[in-house]
Amino acid sequence: DIRKYDIEEYMQIFSVVFQEIKLMEMPLGENLASGSQVDEKRACQVLEEVGLGPRLQKMKQGLKTQLGKENGDGELLSGGEAQKAAIARALYKDAPIVILDEPTAALDPISEAEIYENFSELVKDKTSIFISHRMSSCKFCDTIVVLEEGTVAESGNHQTLMEKKGKYFALYEA
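Numbering (my numbering), first residue to last: -8 to 165.
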């Protein structure tokens, strides 16, 4: 029952990365912190973790670099860079539960592979829920739940589900 939860506490335990993200027309650091109080060490750390360290080094004002062109002479991030920044924002929040809904949809295959290779390290000891329609992107997950028509069709890890040769196997092979 959602009425049993304090809404502020509830909002603090989740950090979400959606498929379609929007970065604010404000400095990069403030985008990560969702406000003007930026822990610069933490911001640099999460940008490095998601592979944006080199891009940060090229920015004329570092974390203070304005994003977007609406408010002046800001910098534009590519779609893949913006997606990585959204993942960095979720990590910066340091919530115990991270939900990623098709978080690599805007990334090129190499960047996507880098995120997947480092995913376990990125979320460390957090509970993470990874939503994807691409079975190949689920191989790293501890538990995979295949939904079909609103119900659980199968669950298990990649190896178990491949050996079962059921719905997951068919989708993965497709």
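Beta carbons: idealized from backbone N, C-alpha and C, even for Gly.
Whole angstroms is fine: what's the gap from L68's alpha carbon to G59's? As a first step, residue 68 must be located in the sequence shown, where it is residue number 77. As a first step, residue 59 must be located in the sequence shown, where it is residue number 68. Near 8 angstroms, if we compare the C-alpha coordinates of G59 and L68.
Starting from F9, trace the beta strand (DSSP E) in both directions and tell me its first and last residue. Residue numbering aside, residue 9 sits at position 18 when the sequence shown is read from its first letter. Segment: none, F9 is in no beta strand (DSSP E) and carries neither H nor E.
In terms of residues, what are the limits of the beta strand (DSSP E) holding E139? To locate residue 139, count along the sequence shown from 1; it is residue 148. Per DSSP, E139 belongs to the beta strand (DSSP E) from 135 to 139.
K155 to I90, Cα distance in whole Å? Here residue 155 corresponds to residue number 164 of the sequence shown, with the count starting at 1. Here residue 90 corresponds to residue number 99 of the sequence shown, with the count starting at 1. So the alpha carbons of these two residues sit roughly 27 angstroms apart.
Helix, strand or coil for G71 per DSSP? Position 80 of the sequence shown, counted from the first residue, corresponds to residue 71. The answer is helix: DSSP assigns G71 an H, G or I state.
Please go through the same chain and pick out, in chain order, the residues whose beta-carbon is closer than 8 angstroms to the beta-carbon of L113, but skip the five residues on each side of it. Residue 113 sits at position 122 when you count from the first residue of the sequence shown. Closer than 8 angstroms at the Cβ level, and outside the excluded window around L113, lie E40, V41, I78, L82, I106.
Measuring only the C-alpha atoms, how far is K166 from K49? Since the displayed the chain opens at -8 and closes at 165, residue 166 lies outside it and no answer follows.
Which partner residues of F121 appear in the DSSP bridge assignment? Stepping through the sequence shown from its first residue, residue 121 is reached at position 130. Paired residues: L91.
Spatially closest choice to T151 from G141, A165, C132, by CA coordinates: Taking the first residue of the sequence shown as position 1, residue 151 is located at position 160. Checking every option, the nearest Cα to that of T151 belongs to C132.
What is the C-beta distance between E108 and T95, in whole angstroms, given that I count them as a contact (C-beta under 8 angstroms)? Taking the first residue of the sequence shown as 1, we reach residue 108 at position 117. Taking the first residue of the sequence shown as 1, we reach residue 95 at position 104. Not a contact, Cβ separation roughly 12 angstroms.
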